[in-house]
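Colleague: Chains as they are written, first to last, in our numbering: chain S, 15 to 255; chain A, 9 to 453. Cβ atoms here follow ideal geometry from the backbone N, Cα and C, with glycine treated the same way.
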Amino acid sequence: IIGGAKAKMGNFPWQAFTNIHGRGGGALLGDRWILTAAHTLYPKQHNEQSNASLDVFLGHTNVEEIMKLANHPIRRVSVHPDYRQDESNNFEGDIALLELENSVTLGPNLLPICLPDNETYYDLGLMGYVSGFGVMEEKIAHDLKYVRLPVANRQTCETWLRRKNRMDVFSQNMFCAGDPSLKQDACQGDSGGVFAVRDQNTDRWVATGIVSWGIGCSRGYGFYTKVINYVDWIKKEMEEE
Amino acid sequence: SDLLAQQLPQQLTSPGYPEPYHKGQENTADIQAPEGFAVRLVFQDFDLEPSQDCAGDSVTISASGSDPSQFCGQQGSPLGRPPGQREFVSSGRSLRLTFRTQPSMENKTAHLHKGFLALYQAVDLDECASQSEAGEEDPQHRCQHLCHNYIGGYFCSCHPGYELQKDRHSCQAECSSELYTEASGYLSSLGYPQPYPPDLRCNYSIRVERGLTLHLKFLEPFEIDDHQQVHCPYDQLQIYANGKNIGEFCGKQRPPDLDTSSNAVDLLFFTDESGDSRGWKLHYTTEIIKCPQPKTLDEFTIIQNLQIQYQFRDYFIATCKQGYQLIEGNQVLHSFTAVCQDDGTWHRPMPRCKIKDCGQPRNLPNGAFRYTTTMGVNTYKARIQYYCKEPYYKMQTRAGSSESEQGVYTCTAQGVWKNEQKGEKIPRCLPVCGKPVNPVEQTQR
Numbered sequence: 015i016i017g018g019a020k021a022k023m024g025n026f027p028w029q030a031f032t033n034i035h036g037r038g039g040g041a042l043l044g045d046r047w048i049l050t051a052a053h054t055l056y057p058k059q060h061n062e063q064s065n066a067s068l069d070v071f072l073g074h075t076n077v078e079e080i081m082k083l084a085n086h087p088i089r090r091v092s093v094h095p096d097y098r099q100d101e102s103n104n105f106e107g108d109i110a111l112l113e114l115e116n117s118v119t120l121g122p123n124l125l126p127i128c129l130p131d132n133e134t135y136y137d138l139g140l141m142g143y144v145s146g147f148g149v150m151e152e153k154i155a156h157d158l159k160y161v162r163l164p165v166a167n168r169q170t171c172e173t174w175l176r177r178k179n180r181m182d183v184f185s186q187n188m189f190c191a192g193d194p195s196l197k198q199d200a201c202q203g204d205s206g207g208v209f210a211v212r213d214q215n216t217d218r219w220v221a222t223g224i225v226s227w228g229i230g231c232s233r234g235y236g237f238y239t240k241v242i243n244y245v246d247w248i249k250k251e252m253e254e255e
Numbered sequence: 009s010d011l012l013a014q015q016l017p018q019q020l021t022s023p024g025y026p027e028p029y030h031k032g033q034e035n036t037a038d039i040q041a042p043e044g045f046a047v048r049l050v051f052q053d054f055d056l057e058p059s060q061d062c063a064g065d066s067v068t069i070s071a072s073g074s075d076p077s078q079f080c081g082q083q084g085s086p087l088g089r090p091p092g093q094r095e096f097v098s099s100g101r102s103l104r105l106t107f108r109t110q111p112s113m114e115n116k117t118a119h120l121h122k123g124f125l126a127l128y129q130a131v132d133l134d135e136c137a138s139q140s141e142a143g144e145e146d147p148q149h150r151c152q153h154l155c156h157n158y159i160g161g162y163f164c165s166c167h168p169g170y171e172l173q174k175d176r177h178s179c180q181a182e183c184s185s186e187l188y189t190e191a192s193g194y195l196s197s198l199g200y201p202q203p204y205p206p207d208l209r210c211n212y213s214i215r216v217e218r219g220l221t222l223h224l225k226f227l228e229p230f231e232i233d234d235h236q237q238v239h240c241p242y243d244q245l246q247i248y249a250n251g252k253n254i255g256e257f258c259g260k261q262r263p264p265d266l267d268t269s270s271n272a273v274d275l276l277f278f279t280d281e282s283g284d285s286r287g288w289k290l291h292y293t294t295e296i297i298k299c300p301q302p303k304t305l306d307e308f309t310i311i312q313n314l315q316i317q318y319q320f321r322d323y324f325i326a327t328c329k330q331g332y333q334l335i336e337g338n339q340v341l342h343s344f345t346a347v348c349q350d351d352g353t354w355h356r357p358m359p360r361c362k363i364k365d366c367g368q369p370r371n372l373p374n375g376a377f378r379y380t381t382t383m384g385v386n387t388y389k390a391r392i393q394y395y396c397k398e399p400y401y402k403m404q405t406r407a408g409s410s411e412s413e414q415g416v417y418t419c420t421a422q423g424v425w426k427n428e429q430k431g432e433k434i435p436r437c438l439p440v441c442g443k444p445v446n447p448v449e450q451t452q453r
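#1: If we call anything under 8 Å between Cβ atoms a contact, is Ala37 of chain A one with Leu87 of chain A?
#2: Quick check on DSSP: helix, strand or coil for Lys250 of chain S?
#3: Anything in chain S within Cβ reach of Tyr400 of chain A, meaning under 7 Å, just list it in chain order.
#4: Relative to chain A, which residues along the stretch 30-49 of chain S have a C-beta separation below 8 Å, given in chain order?
#5: Are the C-beta of Cys419 of chain A and some C-beta of chain S separated by less than 8 Å?
#6: With Gly415 of chain A as the anchor, note down where its alpha helix (DSSP H) starts and where it stops.
#7: Select from S:Asn187, S:Thr75, S:Asn85 the residue whose C-alpha is nearest the C-alpha of Asn123 of chain S.
#8: So, at 6 Å on beta carbons, what are the nonlocal neighbours of Glu144 of chain A in its own chain, with the 5 sequence-adjacent residues on each side left out?
#9: Within its chain, find whatever has a CB closer than 8 Å to the CB of Trp174 of chain S; leave out the 5 residues flanking it on each side and keep chain order.
#10: Of the choices A:Cys396, A:Phe344, A:Gln19, A:Gln110, whose alpha-carbon is the least far from that of Pro357 of chain A?
#11: How many angstroms separate the CA atom of Phe489 of chain A from the CA atom of Ile254 of chain A?
#12: Roughly how many angstroms separate the alpha carbons of Ile434 of chain A and Thr222 of chain S, rounded to a whole number?
#13: Can you list, in chain order, the residues of its chain whose CB lies under 7 Å from that of Thr304 of chain A, leaving out five sequence neighbours each side?
#14: Which parts of the stretch 62-96 of chain A are runs of the alpha helix (DSSP H), unbroken and 4 residues or longer, counting only runs that do not cross its ends?
#15: Would you tell me roughly how many angstroms separate the C-alpha atoms of His86 of chain S and Leu438 of chain A, rounded to the nearest one?
#16: If you compare alpha carbons, which of A:Asp351, A:Gly259, A:Arg360 is closest to Asn250 of chain A?
#17: Can you find a CB in chain S that lies within less than 8 Å of the CB of Pro7 of chain A?
#18: How long is the line joining the alpha carbons of Trp47 of chain S and Cys441 of chain A, rounded to whole angstroms?
#19: Taking Cβ-Cβ distances below 9 Å as the criterion, which residues of the stretch 436-449 of chain A are in contact with chain S?
#20: Let me check understanding here. Comparing Cα to Cα, which of A:Asp61, A:Val448, A:Gln237 lies closest to Pro90 of chain A?
#21: Does the beta carbon of Tyr136 of chain S sit closer than 8 Å to a beta carbon anywhere in chain A?
#22: Give, in chain order, every residue of the stretch 232-246 of chain S whose Cβ lies closer than 9 Å to some Cβ of chain A.
#23: Considering only C-alpha positions, which residue in the set A:Tyr395, A:Val424, A:Ser85 is nearest to Gln414 of chain A?
#24: In three-state terms, what does DSSP make of Met358 of chain A?
#25: Which runs of the alpha helix (DSSP H) spanning at least 4 residues fall entirely within the stretch 55-98 of chain S, listed in chain order?
#26: Along the chain, where does the alpha helix (DSSP H) that runs through Cys155 of chain A open and close?
#27: Counting contacts by CB-CB distance shorter than 8 Å, is Phe209 of chain S in contact with chain A?
#28: For Arg218 of chain S, which residues in chain A fall below 8 Å Cβ to Cβ?
#29: In the DSSP output, what is Cys328 of chain A paired with across the bridge?
#30: Rank S:Cys231, S:Gly230, S:Ala30, S:Ser232 by C-alpha distance to the C-alpha of Glu113 of chain S and give the top, closest one.
#31: Report all residues from its chain with a CB closer than 8 Å to the CB of Tyr292 of chain A; omit the five preceding and five following residues, and keep chain order.
#32: Anything in chain A within Cβ reach of Gly24 of chain S, meaning under 7 Å, just list it in chain order.
#33: When you compare the CB positions of Gly44 of chain A and Ser112 of chain A, do they come within less than 8 Å of one another, or not?
#34: Note the first and the last residue of the continuous alpha helix (DSSP H) segment covering Cys190 of chain S.
#35: Should Arg162 of chain S be flagged as near chain A, meaning a C-beta pair shorter than 8 Å?
#36: If you follow the alpha helix (DSSP H) that Arg176 of chain S is in, where does it begin and where does it stop?
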């Protein structure tokens, strides 16, 4: 997380710390599912078949402490069928689910996040929180950091991308957040973590996006998987749980 | 001559009959009947010269065991002693007829008497009658008890309780295996009320259907040889019911009426070589066995269709009030039936009804329960309330029902915890999403 703050225990109780092909993040859904980005499991430009171990940790804001709380074995991995590992500039379908072998016991430091149910969560300027154990500037994080970012204008992000002569796919299943003028962003190691929005009506936190990709860190906009477009798939995978 | 009598009559005549007989002759005919028959002889024609006391011509008929009879003269004539229509039946198997004429110096034609024509035949000998006539003269050939004549013979039989011996005439007391199977009847010692015979070893068995009980009632007189000081030293009557001795009796005191509670009674009557007592007699009757009225052991047991009286083969069914279950020992019963046995007892004891216990309620993952009735009591009608560990979990509820309704479980009469809506399934505690206890707060403006 660039330009963020250190999270306190219980600020983001859904935050998972993964170590698969390097650091990554995720969010707890229910009591035995982890929502994450597909590319944390199958990174781009990493063609060989993945045999990496799936280490998932939950329940703390400190990397050393969270790892002491024991790894949660994974029963099943489900990657969205639209994800293309071999297309380095296409993060379409960058979403995956990890089913834990055992349900976790919820508590103040370990709670699930909700799924979105309407498009208002993607309104321009709506502020959301992105948290993660990824790099901050040039340092690796030891503690969970978070940053507060606004949902950006889709056309602006598109224009910004093309002006940089980037051919990366920015599809309707993604949204962008942040501001080139801000020195705040997610970065490597935050992938899979969620863009969380607090619903003022229900006073619930909702995972509207998944940290997916960006051009460098803190130099513009960040791109997120648009979770609402995948809710049906998620529910199907979770067997309507 | 020797003649054999047959069942069809045969003729016997004097020599030369019907021509006048010659004087000075003597002829004898021995008529023999087959075994079991006697000889019957009837004169059809009789014409002998009459004389004083038949000292002249005569026919003499003699049979063993009876005095000879002498006849002379003519049938229908007052002179001499003609036999008339009289039948002569031998007392034994044989009869002898002797025809004797006196020698005479007179002209043969002066005596024009034809002689006789007789018919003889074999007729059944009534040995029994002859025995009674004979009295005690020939005890070896006399039936000791009863005599039965038949054509050509006779046989002997004995009074009840006695057995015909090998000599086929004498009887000896036999009572070693007397069996009585009628529902009621009389039994008595041999000869009752006359003195019973010596050296008896009698066994009277009464066997009636299962489910009946035998009652014994002794009649007067009751008299079995006794001794003042020693209990039944000479003769005694032992009574067994179902193989168990229920009494030994002697003396002149009639035993009390006995309710044997059994369908199998044996009476053993032993006598010594002497004595002159008159014996005993009893009247036995039967009554169907009854079982005691079933009584519940607790207020929760119900006896279905309770009868006023239960007898052999009747049964009753016991059930429990709602919320209770049948217990026999430590065994839970699904049903209970007891049958009245032939000994008047129930084939199994009355069960108890124990309140249903639903056992410890199932643990609710990510939740717990509390008793809304007495804590720790899990019996019928006990009630608990499940709840989830809030705020992290919330009970899954159906539309229109509250969490408290969903979480209420009652111990039912079936012995299971049940919720009105969910049945036996326990509720689920679902994770609460998006509600951090300590959400991030922005303070700096």
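Modeller: Inspection of the coordinates gives the following:
#1: The residue you call residue 37 of chain A lines up with position 29 of the second sequence. The residue you call residue 87 of chain A lines up with position 79 of the second sequence. No. Outside cutoff.
#2: Along the first sequence, read from residue 1 onward, the residue named residue 250 of chain S stands at position 236. Of the three classes helix, strand and coil, the one that applies to Lys250 of chain S here is helix, per DSSP.
#3: Counting from one through the second sequence, the residue named residue 400 of chain A turns up at place 392. Per Cβ cutoff of 7 Å: Leu120, Gly121, Leu125.
#4: Taking 8 Å as the Cβ-Cβ cut-off against chain A, the residues of the stretch 30-49 of chain S that qualify are Leu43, Gly44, Asp45.
#5: As a first step, residue 419 of chain A must be located in the second sequence, where it is residue number 411. So, not an interface residue.
#6: Counting from 1 along the second sequence, the entry for residue 415 of chain A is found at position 407. In the DSSP assignment, Gly415 of chain A falls within the alpha helix (DSSP H) that extends over 411-415.
#7: Working through the first sequence from its first residue, we reach residue 123 of chain S at position 109. Of S:Asn187, S:Thr75, S:Asn85, the residue nearest in Cα terms is S:Thr75.
#8: Within the second sequence, residue 144 of chain A is the residue found at index 136, counting from 1. Note that Glu144 of chain A scores a pLDDT of 46, beneath 50, so its modelled location is shaky; the value from the coordinates is reported in the next line. So the list is empty, once near-sequence residues are dropped.
#9: As a first step, residue 174 of chain S is located in the first sequence; it is residue number 160 there, counting from the start. Closer than 8 Å at Cβ, skipping near neighbours: Pro194, Gly234, Tyr235.
#10: Translated into the one-based positions of the second sequence, residue 357 of chain A becomes position 349. Closest by alpha carbon: A:Phe344.
#11: As shown, chain A starts at 9 and ends at 453. That puts residue 489 of chain A outside it, with no answer to give.
#12: Reading the second sequence from its first residue, position 426 is the one you call residue 434 of chain A. Reading the first sequence from its first residue, position 208 is the one you call residue 222 of chain S. Using only the alpha carbons, I get a separation of about 34 Å.
#13: Taking the second sequence and counting its residues from 1, the one referred to as residue 304 of chain A is at position 296. Hits under 7 Å: Ile311, Met358.
#14: Listed in chain order, there is nothing to give.
#15: Against the first sequence, residue 86 of chain S aligns to sequence position 72. Against the second sequence, residue 438 of chain A aligns to sequence position 430. Here the alpha carbons of Leu438 of chain A and His86 of chain S stand approximately 20 Å from one another.
#16: As a position in the second sequence, residue 250 of chain A is number 242, starting the count at 1. Of the candidates A:Asp351, A:Gly259, A:Arg360, A:Asp351 places its Cα closest to the Cα of Asn250 of chain A.
#17: Residue 7 of chain A lies beyond the stretch modelled for chain A, which goes from 9 to 453, so this question has no answer here.
#18: Locating residue 47 of chain S in the first sequence gives position 33, counting from the first residue. Locating residue 441 of chain A in the second sequence gives position 433, counting from the first residue. Computed Cα separation, rounded: 12 Å.
#19: Result list: Leu438, Pro439, Val440, Cys441, Gly442, Lys443, Pro444, Val445, Asn446, Pro447, Val448, Glu449.
#20: As a first step, residue 90 of chain A must be located in the second sequence, where it is residue number 82. Checking every option, the nearest Cα to that of Pro90 of chain A belongs to A:Asp61.
#21: Within the first sequence, numbered from 1, the residue matching residue 136 of chain S stands at position 122. For Tyr136 of chain S, the answer is no, since every Cβ of chain A falls outside 8 Å of its Cβ.
#22: Listed by position along the chain: nothing, the set is empty.
#23: The residue you call residue 414 of chain A lines up with position 406 of the second sequence. Minimum Cα distance to Gln414 of chain A is reached at A:Tyr395.
#24: Position 350 of the second sequence, counting from 1, holds the residue named residue 358 of chain A. Correct three-state label for Met358 of chain A: coil.
#25: The stretch 55-98 of chain S contains these whole alpha helix (DSSP H) runs: 77-82.
#26: The residue you call residue 155 of chain A lines up with position 147 of the second sequence. Where Cys155 of chain A is concerned, there is no enclosing alpha helix (DSSP H), although the beta strand (DSSP E) it sits in stretches over 154-158.
#27: As a first step, residue 209 of chain S must be located in the first sequence, where it is residue number 195. Closer than 8 Å to the CB of Phe209 of chain S there is not a single CB belonging to chain A.
#28: Reading the first sequence from its first residue, position 204 is the one you call residue 218 of chain S. By Cβ distance, chain A contributes Cys441, Gly442, Lys443.
#29: Position 320 of the second sequence holds residue 328 of chain A. Per DSSP, A:Thr309.
#30: Counting from one through the first sequence, the residue named residue 113 of chain S turns up at place 99. Of the residues S:Cys231, S:Gly230, S:Ala30, S:Ser232, the one whose Cα lies closest to the Cα of Glu113 of chain S is S:Ala30.
#31: Position 284 of the second sequence holds residue 292 of chain A. Listed in chain order, the non-local C-beta contacts of Tyr292 of chain A below 8 Å within the same chain comprise Tyr188, Ser192, Gly193, Tyr194, Leu195, Ile214, Leu222, His223, Leu224, Lys225, Val273, local neighbours out to five positions each way being set aside.
#32: Sequence index remark: in the first sequence, residue 24 of chain S carries index 10 (1-based). Taking a Cβ-Cβ cut-off of 7 Å, the neighbours of Gly24 of chain S in chain A comprise Pro444, Val445, Asn446, given in sequence order.
#33: The residue labelled residue 44 of chain A in the question sits at position 36 within the second sequence. The residue labelled residue 112 of chain A in the question sits at position 104 within the second sequence. Contact annotation: Gly44 of chain A and Ser112 of chain A have beta-carbon atoms that are not nearer than 8 Å.
#34: Numbered from 1 along the first sequence, position 176 holds the residue referred to as residue 190 of chain S. No alpha helix (DSSP H) holds Cys190 of chain S; the beta strand (DSSP E) holding it covers 188-192.
#35: For the purposes of this step, residue 162 of chain S is identified with residue 148 of the first sequence, where counting begins at 1. At least one chain A Cβ lies under 8 Å of Arg162 of chain S.
#36: If you number the first sequence from 1, residue 176 of chain S lands on position 162. Start and end: 168-177.
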